[in-house]
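S.K.: Numbering (the numbering used here), first residue to last: 76 to 146.
There's a structure below that I have some questions on.
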Amino acid sequence: MQNRLDKLVETGMKDPTAFERELDTLSKKVKTDRKLKSELKKEFKDSIDRKGKEIDDLVIKVQLSVRKLVQ
Numbered sequence: 076m077q078n079r080l081d082k083l084v085e086t087g088m089k090d091p092t093a094f095e096r097e098l099d100t101l102s103k104k105v106k107t108d109r110k111l112k113s114e115l116k117k118e119f120k121d122s123i124d125r126k127g128k129e130i131d132d133l134v135i136k137v138q139l140s141v142r143k144l145v146q
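Set out below in C-alpha cells:
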C-alpha cells in the first residue's frame, strides 16, 4: 500500500520543486485539519514500520549471503 507520504517522496525524487509545492500545500492543510493530521501520523508510522521490515529482510539476506561465501 502506498500512502501520501510515499507518493510525496517519489515526487521529490523526480522533481524537487514539485515536492516543495506539495509539501507546502500539505503542511497548510494539516494546520487546520485535525483528521488529516492524525491520518498522516498513522501513514508515517506505517511507512516507518514498512521500511524497517524491508531493512530487516535485507540484513537477513546479506547475512545468509556472507555465510555462504565464508563456508
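Even glycine gets a Cβ: it sits at the ideal position worked out from N, Cα and C.
Source: prediction; values computed, not measured.
If we count Cβ pairs, one from each stretch, closer than 8 Å, do we get three or more for the region 79-99 versus the region 117-127?
M.R.: Counting Cβ pairs under 8 Å, three or more are found: they touch.
S.K.: Check whether the Cβ atoms of Thr107 and Glu97 sit closer than 8 Å, and answer yes or no.
M.R.: In this structure, Glu97 does not lie closer than 8 Å to Thr107 by Cβ.
S.K.: Rounded to whole angstroms, what's the CA-CA distance from Lys112 to Lys89? Just pull it up for me.
M.R.: If I take the Cα positions, the gap works out to 25 Å.
S.K.: Just the C-alpha distance for Lys116 and Leu144, rounded to the nearest angstrom, thanks.
M.R.: Whole-angstrom Cα-Cα distance: 42 Å.
S.K.: Give the DSSP-derived three-state secondary structure of Asp124 in the structure shown.
M.R.: If DSSP states are grouped into helix, strand and coil, Asp124 belongs with the helices.
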